[in-house]
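In what follows, a single structure is set out as structure tokens and then discussed.
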Amino acid sequence: MAVLIMVLFPQHMFSFTQHRADSLKRELSLKVDAGDESVATIGILLALAGEYVSSAPNTALEYYLQTLELVKKIKVKEEEAEVYNFIGRVYEQQGLYHLAMENYFNSLSLNEQLSDSAAITWGLTDIGNIYYTQQDYTSAKDYYQRALAFFEFSGNQYGIATIFNNLALVYEGLNDPDSALTYYNRALVIRQGIGNPALIAHSYLYIGRIYEYRSDFKRALEFYQQSHDLYGQANSGTGQAQMHRYMGNIYHKLDSTEACFENYQKALDYYTKFSHRANLANTYGDLANACLTAENLSQAIPNAKNMLNISKMHGLLIQQRRANYLLSETYRKLGRYKESLNYFKQYELIKDSISSQEVAETISKLEFMNEREKRNKVLLIKENEIEFLERNERINDFKKNALTVGIILLFVIGILIFSRQYNIHKKNLEIIAKNREIQQNQVALMHAGKKEKQRLEQELNLKNVELTNFALHIVQKNDLLYGLKKKLQYLNKITEPEKSRKLNEVIASLIQNMKLKHELRQFQDKVDQVNSEFFKNLDQKYPELTENEKRLIALLRLNLSNKEIASLNNISVKGVEMGRYRLRKKFSMDPQANILEFVQGL
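The numbering of the sequence shown is the numbering used here, which starts it at 8 and goes up by one.
Structure (structure tokens):
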């Protein structure tokens, strides 16, 4: 391997990463000195942890734990769920699977509370991956299928293809190559629709591997070659190298020595260029083994030594063991028994080291299984508690029905009265608006110029009042009807047929009344109409603003509360707060400045 590249290139990358980390540390120090415990400080901590994930995972973990403490303190659940996920990934990288699983479950629980379906889906996938790594294929399959249901509901084709591929790997682990091939092909069809060459190449690789497992080497070579070509289109040198190595392995099985050596050499060229240590060592080992099989002993020795040197340099025990074995076998065939014995002794010593490593991995796996059993017991206890509470609740339901029905009727009557009063109020507003418009037209005819400007301002104010009242109406109607709908649905569990039928009729009527799309569309049209000139000026000052952000500014100008804005846009209050935070960043506002005063002055 090109040793100069292996030493110098990572050092340059480390210098660049260290420079970035030092800059982030200075920013963090300023925030800490100022007592700043805001979302901005959380962002710096996450960025700082990200700089150390690959090079120093324990340091990254310290920053993630510091971030977790801060997000819990300021009670930002979205960030808390995300930090738990980051911590889980670090533990997974270190092979501490029981700790990784604990943090993944914490993240999943928070995302379920937040109803963040996208985060829930990928969280289920992460947990499935841990079970797959621990060879608990049944649990892995269960979580993958739960994730698949979310992906299919949202129509996320990339996610569906990913889960199909993961399920195929599970079936491979279960020694069911036919089912594995079915899922690999389903993933391939979706990825071909997406049109990403690297993803398609990835599917061809796995399909080829199934055919190689079946000893259908011709079909396997066809898929490996297609995968190689697509990796070339995607400019993935490592992918092409992997395919050359796979094809070299098949030609070795077919005793096609020349084609075998040619593919291994191409793989070596790629891995040397991109500094892939373990893959480079393994390919040298494959080439040495092929030379040994072909009785080309003079070439087997340098290739095996290259594998040994790279493995020692980077602490790759399994590769060292294989290299010593290949050298021992080669020298034995040459009749150089002393050298063969020396390499065999090294092979045995490393085998003991690997056994110790395997013991540690086994202990980790047992810890993981123990944690899983604890979690299952806790879940079983919770399920029993829930069942007990539900049984008591059903007993009390009958007593509450009469009172609840009365409350429902009162709510219905209240809604009807509210609707009638609103219509009267709306007509009064229209009459007032018409009267004012007539007066303003008369004034405009008598007093041109200055009075025209005053008329336009009064008209704009009137429209803003109407718009605000309209928005508040939608919010109030939505809140009332939604709360009533939930209570009626709760009562729908009553088993008495007649009562259930009548309640269903009321629910259907309420659901019909809750269709606010027309009013919301009418409200949005009015917002756009009233603020058309304002939006043009805003685009000139801040062209990077999105349509949603511009509409948020318009609603803030109406002096609506976060809750009211959230109801109008069918999002959470937290979503509105995050929107206001992003506006502050785009406006480069001082943290102490009032955003309402700012947008009123735009």
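The C-beta atom is built at its ideal place from N, Cα and C for all residues, glycine as well. Bear in mind the structure is a predicted one, so any value in this text is a computation, not a measurement.
Nearest residue (CA-CA) to residue i, options the options
| i | options | result |
| --- | --- | --- |
| residue 265 | 298, 253, 249 | 298 |
| residue 50 | 62, 330, 66, 87 | 87 |
| residue 132 | 142, 158, 251 | 158 |
| residue 311 | 350, 344, 277 | 350 |
| residue 171 | 186, 182, 190, 154 | 190 |
| residue 106 | 92, 78, 197 | 92 |
| residue 222 | 535, 510, 260 | 260 |
| residue 168 | 199, 136, 296, 148 | 199 |
| residue 532 | 209, 549, 271, 562 | 562 |
| residue 152 | 552, 68, 177, 142 | 177 |
| residue 192 | 180, 181, 29, 216 | 216 |
| residue 592 | 47, 43, 554, 548 | 47 |
| residue 606 | 144, 559, 94 | 559 |
| residue 550 | 587, 584, 594, 604 | 594 |
| residue 120 | 579, 431, 597, 138 | 579 |
| residue 182 | 283, 150, 585, 144 | 144 |
| residue 77 | 95, 38, 213 | 38 |
| residue 89 | 103, 112, 101, 233 | 112 |
| residue 603 | 33, 575, 565, 573 | 565 |
| residue 185 | 546, 210, 214 | 214 |
Delimiting residues of the alpha helix (DSSP H) encompassing residue i
| i | result |
| --- | --- |
| residue 204 | 204-220 |
| residue 553 | From DSSP, residue 553 is part of no alpha helix (DSSP H); its letter is neither H nor E. |
| residue 586 | 580-594 |
| residue 113 | 104-121 |
| residue 322 | First-last for residue 322: undefined, no H or E at that position. |
| residue 97 | 84-100 |
| residue 77 | 64-81 |
| residue 575 | 569-576 |
| residue 544 | 539-548 |
| residue 162 | Per DSSP, residue 162 belongs to no alpha helix (DSSP H) and is neither H nor E. |
| residue 141 | Where residue 141 is concerned, there is no enclosing alpha helix (DSSP H), given that its DSSP letter is neither H nor E. |
Whole-angstrom C-beta distance between residue j and residue i, which should lie under 8 Å
| i | j | result |
| --- | --- | --- |
| residue 274 | residue 290 | 5 Å |
| residue 194 | residue 175 | 7 Å |
| residue 293 | residue 252 | 7 Å |
| residue 556 | residue 589 | 7 Å |
| residue 337 | residue 308 | 6 Å |
| residue 227 | residue 219 | 4 Å |
| residue 340 | residue 304 | 6 Å |
| residue 128 | residue 147 | The pair is not a contact, with the Cβ atoms about 15 Å apart (cut-off 8 Å). |
| residue 270 | residue 258 | 6 Å |
| residue 142 | residue 180 | 6 Å |
| residue 326 | residue 288 | 4 Å |
| residue 554 | residue 569 | Actually they do not touch by this definition, with Cβ atoms about 20 Å apart. |
| residue 110 | residue 94 | 5 Å |
Collapsed DSSP secondary structure at residue i in the structure displayed
| i | result |
| --- | --- |
| residue 53 | helix |
| residue 285 | helix |
| residue 343 | coil |
| residue 419 | helix |
| residue 46 | helix |
| residue 600 | coil |
| residue 261 | coil |
| residue 377 | Note on residue 377: pLDDT 49, under 50, position unreliable in the model; no value is reported. |
| residue 350 | helix |
| residue 607 | helix |
| residue 565 | coil |
| residue 310 | helix |
| residue 249 | helix |
| residue 301 | coil |
| residue 61 | coil |
| residue 242 | coil |
| residue 223 | coil |
| residue 41 | coil |
| residue 26 | helix |
Residue-chain proximity (residue i, chain D), Cβ-Cβ < 8 Å
| i | result |
| --- | --- |
| residue 529 | Any reference to chain D falls outside this structure, which holds one protein chain only. |
**Item:** Unbroken stretches of the alpha helix (DSSP H), 4 residues or longer, contained in the region 170-207
**Value:** 184-201
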